[in-house]
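Trainee: Right, I'll just put the structure down here and ask away after.
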Amino acid sequence: LAHTMFGPLGYVRRTAVEPACWGLGADAERFFSDFSSGAQCNLNWYEGASGELGQESKRPRFPAGRAVALLGFEDTIWKFCHEKVGRHADPAPEHDQDVFAHTCVDANQNILRLRSSKRPWNMCQNMIWVQCAISGRLPGQEGAKLHFATAPNTLDTRNDFPKDYYWKEHYPNNDIFYVEVCMISKLCRNSDKLFQLQVGETFVCETDQSRYEELHKLLTMRDKQVKDCAPLTK
Numbered sequence: 200l201a202h203t204m205f206g207p208l209g210y211v212r213r214t215a216v217e218p219a220c221w222g223l224g225a226d227a228e229r230f231f232s233d234f235s236s237g238a239q240c241n242l243n244w245y246e247g248a249s250g251e252l253g254q255e256s257k258r259p260r261f262p263a264g265r266a267v268a269l270l271g272f273e274d275t276i277w278k279f280c281h282e283k284v285g286r287h288a289d290p291a292p293e294h295d296q297d298v299f300a301h302t303c304v305d306a307n308q309n310i311l312r313l314r315s316s317k318r319p320w321n322m323c324q325n326m327i328w329v330q331c332a333i334s335g336r337l338p339g340q341e342g343a344k345l346h347f348a349t350a351p352n353t354l355d356t357r358n359d360f361p362k363d364y365y366w367k368e369h370y371p372n373n374d375i376f377y378v379e380v381c382m383i384s385k386l387c388r389n390s391d392k393l394f395q396l397q398v399g400e401t402f403v404c405e406t407d408q409s410r411y412e413e414l415h416k417l418l419t420m421r422d423k424q425v426k427d428c429a430p431l432t433k
């Protein structure tokens, strides 16, 4: 199912004959080259938020100067950031993404909160952000440190995937964190430590180039099928 999440539009599953968000041929090679090198890390991952925080040319200003990258389910990130600044956490963060972005910056938490029409969110943008986080290249990041609002060892694929018709063509927000954890476990030699973490504990990834190559092959194994079926889409 993870392959279907990498379509050009966020939250919309790609079909069997639809190219992934990284494209085909030279476009795909360029994407994965930039992905492994971190060429697209120095961007504003809060673009689209209100005020200076959301301006394309700006970068987040964290009160402590530097901030650890934070991952998890939406509701747990929302709660984690609010608790850090001593505020009550409304249980429905999807209703105010702008408050979400500003609260986490105030809490010194480096999160992905891309809401730009010029550079809309999709799983390719998400994938780049995760790679930037594990390599310590996010703007304002404290070293290469990550921590989690949801402990990776609590994930259970048996219970969290919706089965009704709407979700055959779309994927829910919670699925994104499963893919993030899977990606980190593929790229990090010390992934055993990833699954020993408690909420808020620090993780620093140990990577090597061969793991990027393995992930590249895993993610693009469906692209040949798309090329072979391309005439059917005309």
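For the sequence shown, our numbering gives the first residue as 200, with consecutive numbering after it. Here a beta-carbon is modelled for each residue, glycine too, at the ideal position from N, C-alpha and C.
#1: Taking contact to mean at least 3 C-beta pairs separated by less than 8 Å, is the stretch 244–262 in contact with the stretch 293–308?
#2: So for V211, helix, strand or coil by DSSP?
#3: Drop a sphere of 10 angstroms on the beta-carbon of H287, count the other beta-carbons inside from all chains shown, and report buried for 16 or more, exposed for fewer.
#4: Which word fits A266, buried or exposed, when buried means at least 16 other C-beta atoms lie within 10 angstroms of its C-beta?
#5: Give me whichever residues DSSP pairs with L354 in a beta bridge.
#6: For L270 and V211, I'd like the C-alpha separation in whole angstroms.
#7: So, with DSSP's three-state summary, where would you put V329?
#8: The beta strand (DSSP E) with E412 in it runs from where to where?
#9: Answer yes or no: do P351 and L393 have a C-beta to C-beta separation smaller than 8 Å?
#10: Quick check: N373 and F272, are their CB atoms within less than 8 Å of each other?
Mentor: So, from the data block:
#1: They touch, by the three-pair rule.
#2: strand
#3: exposed
#4: buried
#5: Partner(s): none; L354 has no beta bridge.
#6: 21 Å
#7: helix
#8: Here E412 belongs to no beta strand (DSSP E); instead the alpha helix (DSSP H) covers Q408 to T419.
#9: yes
#10: yes
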